[in-house]
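K.L.:
Going from the sequence shown to my numbering is simple: count from 1 and add 1.
Note that beta-carbon positions come from the ideal geometry of N, C-alpha and C, so glycine has one too.
One structure coming up, written as structure tokens, with questions to follow.
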Amino acid sequence: MRKTDAVPAIARAMIQWFAREARDLPWRRTSDPYAIWVSEVMLQQTQVAAVIPYWERWLAALPTVRALAEAPLEQVLKLWEGLGYYSRARNLQRAAQLIQERYGGVFPQTRAEVLDLPGVGPYTAGAVCSLAFNQPEPILDGNIIRVLTRLFAWEGNPKAAPLQERLWAMARQLVATAAATRAHPRPCNALNQSLMELGALVCTPRNPRCAACPVQSFCLAKKQGRAEELPTPTAKAKITAREHVVFLFHQRGKYWVRQRPGEKVVNAGLWEFPSVELEVAGPAARHLAIQSALPTAAPVAELGKVTHHITRYRHVFAVCRADTAPSAAIQSAGGGWHSIAQIEALALAGAHRKIARRFLVDKPG
Ligand code: SF4
């Protein structure tokens, strides 16, 4: 049997399996494109279990495109706090404002229109169109890449052009085949979700549960005994360490925090404690940075270190506390005194939220 001859049987088996085995996730109970879009954007870098409370809070606070379009950015960032990659939250709001302007708040229904929204790539456009509108639009994420490369024993870098094109073509063929079946009332939705679900629950990176797999009889990697060798591993990005000193300036139960600029910087618009990145890591540079941040020779306590990973960087923050006002240079960069309760209500950058939870002490003086 040629590989493509198996496509209708694979599509049918996947849809039937999904109808039996799918997890009951909150965004699967709706066909509202706005709610599905938000879930897909949240799921891009975060596990399902962690996304659920974020998604529920977001939908309760901003239940419609219009509510998101009109919300203060501060509220949007606060609802996103902890999910990281804040450009995603900003793009969600920009896209909502565009949907308001262009389509009167009604979510666009064609792939080209969805793809034209800020922050939307081929995956998200395919997900919204297939999951919300049951259109035969393909999607390809890490889970689906794993399932398809194993099913057809495709080798090579899945992010490089030749294999990418092959994978998209197969994803397209599968969803188009599903659309032509009567295996499900919403077959395109079910087929795309079934591929993601199989990758998440059964065709896992290690120890895939091939005995429980609905398409095991078609799977070439299983037949060849090399499921775990696929997809072909690609070179991992080298991790770069960066060191910072963070200052908890404290007076009368309040701490000095400042807001990052609103555009074109990492964590734009989020709040943080004053900090300095060291050009050269080590105690001497740290000592120099501490001295230059203090207005006088004020006593300073080195509280400990916090590590925070972002993409290929490992940031190490040496946290210092000084019961004094910041230097004039730091003050001129903006900011002000805030109580712990006020800081809790702000949208704080991820590393700084870790620092706040670990080191802020609610004491006067
Ligand atoms: Fe993945 Fe195994 Fe199923 Fe093949 S048989 S698709 S390797 S779980």
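Is residue 294 close to the ligand SF4? I mean its beta-carbon at under 6 Å from any heavy atom of the ligand.
P.N.:
No; taking the cut-off as 6 Å, the Cβ of residue 294 has no heavy atom of the ligand SF4 nearer than that.
K.L.:
When burial is assigned at 16 or more other CB atoms within 10 Å of the CB, is residue 48 buried or exposed?
P.N.:
Counting Cβ neighbours within 10 Å, residue 48 comes out exposed, since fewer than 16 surround it.
K.L.:
Determine the direct distance from the alpha carbon of residue 140 to that of residue 223, and round the result to whole angstroms.
P.N.:
Computed Cα separation, rounded: 24 Å.
K.L.:
Go ahead and label residue 225 buried or exposed: buried means 16 or more other beta carbons lie within 10 angstroms of its beta carbon, across all protein chains shown.
P.N.:
Exposed: under 16 other Cβ atoms inside 10 Å.
K.L.:
Count the C-beta pairs between the region 108 to 128 and the region 21 to 41 that are closer than 8 Å, then say yes if the count reaches three, no if not.
P.N.:
Touching, yes, given that three or more Cβ pairs across the two stretches are closer than 8 Å.
K.L.:
Please confirm whether any heavy atom of the ligand SF4 lies closer than 6 Å to the CB of residue 223.
P.N.:
Yes, the beta carbon of residue 223 sits closer than 6 Å to at least one heavy atom of the ligand SF4.
K.L.:
From 312, 43, 28, pick the residue whose C-alpha is nearest to that of residue 238; which is it?
P.N.:
Checking every option, the nearest Cα to that of residue 238 belongs to 312.
K.L.:
Pull up the distance between the alpha-carbon of residue 332 and that of residue 272, whole angstroms please.
P.N.:
So the alpha carbons of these two residues sit roughly 15 Å apart.
K.L.:
Starting from residue 125 and walking both ways along the alpha helix (DSSP H), at which residues does that stretch end?
P.N.:
Taken as a continuous stretch (DSSP letters only), the alpha helix (DSSP H) holding residue 125 covers 123 to 128.
K.L.:
Among the residues of its own chain, which have a CB less than 8 Å from the CB of residue 23, if the five just before and after it don't count?
P.N.:
Excluding sequence neighbours, residue 23 sits near 29, 194, 195, 198.
K.L.:
In whole angstroms, what separates the C-alpha of residue 2 from that of residue 27?
P.N.:
Only weak support exists for where residue 2 lies, its pLDDT of 46 falling under 50; the coordinates are left without a value.
K.L.:
Buried or exposed, going by whether 16 or more other CB atoms sit within 10 Å of the CB of residue 288?
P.N.:
So residue 288 counts as exposed.
K.L.:
Identify the continuous beta strand (DSSP E) that holds residue 316 and give its terminal residues.
P.N.:
That run of the beta strand (DSSP E) goes 314 to 323.
K.L.:
Does any heavy atom of the ligand SF4 sit closer than 6 Å to the C-beta of residue 228?
P.N.:
Flag set: Cβ of residue 228 near the ligand SF4.
K.L.:
Pull up the distance between the alpha-carbon of residue 367 and that of residue 219, whole angstroms please.
P.N.:
Since the displayed the chain opens at 2 and closes at 366, residue 367 lies outside it and no answer follows.
K.L.:
Counting pairs of Cβ atoms below 8 Å between the region 135 to 155 and the region 96 to 104, do you hit three or more?
P.N.:
Touching, no, given that fewer than three Cβ pairs across the two stretches are closer than 8 Å.
K.L.:
With distances taken between CB atoms, is the gap from residue 158 to residue 111 smaller than 7 Å?
P.N.:
Cβ atoms of residue 158 and residue 111: not closer than 7 Å.
K.L.:
What's the gap between the Cα of residue 96 and the Cα of residue 138?
P.N.:
Cα-Cα distance, rounded: 20 Å.
K.L.:
Look at the alpha carbon of residue 164 and the alpha carbon of residue 9, and state the distance between them as a whole number of angstroms.
P.N.:
Answer to the nearest angstrom: the Cα atoms are 22 Å apart.
K.L.:
Taking 6 Å as the cut-off, is the beta-carbon of residue 309 closer than that to any non-hydrogen atom of the ligand MN?
P.N.:
For the ligand MN, the structure offers nothing, since it holds only the ligand SF4.
K.L.:
Using the DSSP secondary-structure output, state which residues sit across from residue 420 in a beta bridge.
P.N.:
Here the chain covers residues 2 to 366 and nothing more, so residue 420 does not appear.
K.L.:
According to DSSP, simplified to helix, strand and coil, what is residue 29?
P.N.:
Of the three classes helix, strand and coil, the one that applies to residue 29 here is helix, per DSSP.
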